[in-house]
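Engineer: Pasting a structure below so you can have a look.
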Amino acid sequence: MIRARAEVEALTPYAAPLEGRRPFLRLDFNESTVGPSPRVLEAIRRLPPDAYAAYPEYAGLNAAYAESVGVPERHVEAFNGVDAAIRAIFDAYGEKGSTFLTTAPTFGYYEPCAQQQGMVIDEVLYPEDLCFPLAAITRKLESRPRLLFVCNPNNPTGTLVEPSTLAALARSVPQTLVVVDELYVAFTGRSVVPLALELPNVVALQSLSKAAGLAALRLGFAIGHPTIVERLRRVTGPYDINMLAVVAGKAALADPDHTRRYVAEVLAAREWTLDELRRLGVRCAGEGGNYLLVWPPGDCEAAVRTLRERGILVRSMAKKPVIDGSFRLTIGTLADMRRFVSAFSPIAAP
């Protein structure tokens with residue numbers, strides 16, 4: 077048997093979602109619970125048969141997203157989901173033996189990407205109160221790591237960092253590429269995009285997967301200095317994004333009101349859910365995003381199984397540092413959350 081590179085042989089791959097989730101109320105992977113704008117479905121239905129046989133064309137996609145976030149098109153590049161943008165950043169800038177700095181726990185795909193490049197991984201643990209470990213990160217930056225990734229708000233802790241704080245960090249280390257994963261920015265409104273236009277060492281990552289409801293079609297964007305964006309384009313396949321995603325993305329961007337309405341409903345449902353969990357005396361955490369961490373009384377894994385038996389999926393945080401014993405709860409519509417609380421209340425107060 078021919079062995080892969082040593083880094084690949086030693087790799088622990090990122091675990092994708094389980095199959096067979098469709099029949100459930102899916103509150104486990106922070107997806108939209110209402111789906112995309114009707115304009116998306118209409119646009120896909122209008123595709124002629126020959127569109128499926130031709131290679132995809134991308135004209136107008138970057139421009140549409142750039143307009144939606146108020147930046148020049150030269151600062152934007154589309155990817156086959158933010159995961160592909162993350163992979164491209166490591167391919168372009170992740171030098172073997174250099175240091176990758178991030179927090180823990182955080183999004184699980186960063187680490188395997190760093191491992192594949194043979195990077196030294198330096199993780200700073202969140203404290204028990206789940207506040208951003210600013211002092212520790214600042215000290216680590218003194219050694220000038222090659223890459224710093226900050227998920228903001230952090231997945232799964234929900235920790236939110238002010239853009240001004242990230243700006244100060246980026247300015248202190250001009251030789252470090254600071255990547256801010258803003259997958260949930262629609263739910264917070266706090267973005268480093270203006271900083272990514274100003275500083276050549278900042279990249280913001282955004283997506284249409286969550287608030288716009290296009291997770292199945294995989295469409296993400298990197299926003300940064302034109303030189304950074306061009307280097308990421310160099311390490312990306314010429315047809316990585318499929319035509320359905322292109323059509324859907326343009327249609328979703330043409331209907332921002334659909335996304336705004338969903339975000340408003342989620343934020344209202346989030347406050348209602350927080351009130352209900354506090355009423356039940358259940359510990360919960362999360363400053364931003366369409367999700368919360370919940371610590372059920374007793375055995376967390378048993379609670380996750382019971383919720384599944386009642387038709388609701390949540391994601392266990394078992395064995396994750398600092399947050400072991402909790403599960404991550406996606407916030408959907410108010411109707412979704414009423415259903416969750418109805419199923420969870422007997423678990424919280426048996």
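In the working numbering, the protein residues as written are 77 to 426.
The beta carbon of each residue, even a glycine, is placed where N, CA and C say it ideally should be.
Quick caveat, the model's predicted, so the values are computed rather than measured.
1. Quick check: what's the CA-CA separation for LEU236 versus VAL342?
2. Give the DSSP-derived three-state secondary structure of LEU98 in the structure shown.
3. Could you spell out the range, first to last residue, of the beta strand (DSSP E) harbouring ALA280?
4. In three-state DSSP terms, what is ALA154?
5. Considering only residues of the region 334 to 389, which uninterrupted alpha helix (DSSP H) runs meet the minimum length of 4 residues and lie entirely inside it, listed in chain order?
6. Just mark LYS286 as buried or exposed, buried being the case when its beta carbon has 16 or more other beta carbons within 10 Å.
7. Under the three-state reduction of DSSP, which class applies to PRO170: helix, strand or coil?
8. Going by DSSP, what residues sit across from ALA180 in a beta bridge?
9. Is ASN156 close to chain C, meaning its C-beta is less than 8 Å from at least one C-beta of that chain?
10. If you count every other CB in all the chains shown that lies within 10 Å of the CB of ILE299, and 16 or more means buried, which is it?
11. Among residues of its own chain, excluding the 5 on either side of LEU206, which ones have a beta-carbon nearer than 6 Å to its beta-carbon?
12. Decide if the region 309 to 319 is in contact with the region 271 to 282; the criterion is three or more beta carbon pairs, one per stretch, under 8 Å apart.
13. For ALA298, report the span of its alpha helix (DSSP H) as first-last.
14. Comparing alpha-carbon positions, which option in ILE213, GLN192, LEU275 lies nearest TYR202?
15. Hey, would you say SER418 sits closer than 8 Å to TRP371, going by beta carbons?
16. By the 10 Å Cβ neighbour count, where 16 or more other Cβ atoms means buried, how is PRO193 classified, buried or exposed?
17. Beta carbon of ASN231, beta carbon of GLY364: below 8 Å?
18. Could you name the residues that DSSP lists as bridge partners for SER421?
19. Is GLU258 buried or exposed, if buried means 16 or more other CB atoms sit within 10 Å of its CB?
20. Could you check whether the region 218 to 225 touches the region 321 to 340, counting it as contact only if at least three pairs of C-beta atoms, one from each stretch, sit closer than 8 Å?
21. Run the CB neighbour count on PRO125, radius 10 Å, all protein chains shown included, and call it buried at 16 or more, exposed below.
22. By how many angstroms is the C-alpha of ALA160 removed from the C-alpha of ILE423?
23. Quick one: give me the first and last residue of the alpha helix (DSSP H) that ARG247 is part of.
24. When you compare only the Cα positions, how much space is there between THR178 and HIS151?
25. Tell me the residue span of the beta strand (DSSP E) that contains THR406.
26. What does the alpha-carbon distance come out to for the pair ILE399 and GLU118?
27. Between VAL249 and LEU275, which are expected to be in contact by the criterion C-beta below 8 Å, what is the C-beta distance as a whole number of angstroms?
28. Got a sec? Which residues, its chain only, sit under 6 Å from LEU368 by beta carbon, not counting five neighbours each side?
29. Looking at the unbroken alpha helix (DSSP H) that takes in VAL145, where does it start and where does it end?
Structural biologist: Looking at the coordinates:
1. Between LEU236 and VAL342, the C-alpha separation is close to 17 Å.
2. As written in the sequence, residue 98 is Arg, which differs from the Leu given in the question. For ARG98, the secondary structure class from DSSP, reduced to helix, strand or coil, is coil.
3. Where ALA280 is concerned, the enclosing beta strand (DSSP E) stretches over 278 to 283.
4. ALA154 falls in the strand class under three-state DSSP.
5. Runs of the alpha helix (DSSP H) inside the region 334 to 389: 376 to 385.
6. With 16 or more other Cβ atoms within 10 Å, it is buried.
7. In the sequence as presented, Pro is not what sits at residue 170; that position holds Gly. It is coil, neither helix nor strand.
8. The partner list for ALA180 (beta bridge, DSSP) reads LEU201.
9. Looking at the structure shown, chain C is missing, and only one protein chain is on hand.
10. Flag for ILE299 reads buried.
11. Here LEU206 has THR233, THR235, ALA361 as same chain residues with Cβ atoms under 6 Å from its own Cβ, once five neighbours each way along the sequence are excluded.
12. Under the 8 Å Cβ criterion, the region 309 to 319 does not count as touching the region 271 to 282, having fewer than three qualifying pairs.
13. Boundaries around ALA298 are those of the beta strand (DSSP E), 296 to 300, since no alpha helix (DSSP H) includes it.
14. Considering only alpha carbons, the answer is ILE213.
15. Cβ distance not < 8 Å, so SER418 and TRP371 don't count as in contact.
16. The question names Pro, but residue 193 in the sequence shown is Gln. Buried.
17. In this structure, GLY364 does not lie closer than 8 Å to ASN231 by Cβ.
18. Paired residue(s): none; SER421 is not in a bridge.
19. Label assigned to GLU258: buried.
20. Segments in contact, no.
21. PRO125 should be labelled exposed.
22. Their backbone Cα atoms lie some 39 Å apart in a straight line.
23. Here the alpha helix (DSSP H) through ARG247 covers 239 to 248.
24. Looking at the two C-alpha atoms, the distance is approximately 24 Å.
25. Judged by DSSP secondary structure, THR406 falls within the beta strand (DSSP E) whose first and last residues are 403 to 406.
26. Here the alpha carbon of ILE399 sits roughly 42 Å from the alpha carbon of GLU118.
27. Contact flag wrong, Cβ pair sits at about 10 Å.
28. CYS360, GLY362, LEU405, listed in sequence order.
29. Start and end: 137 to 145.
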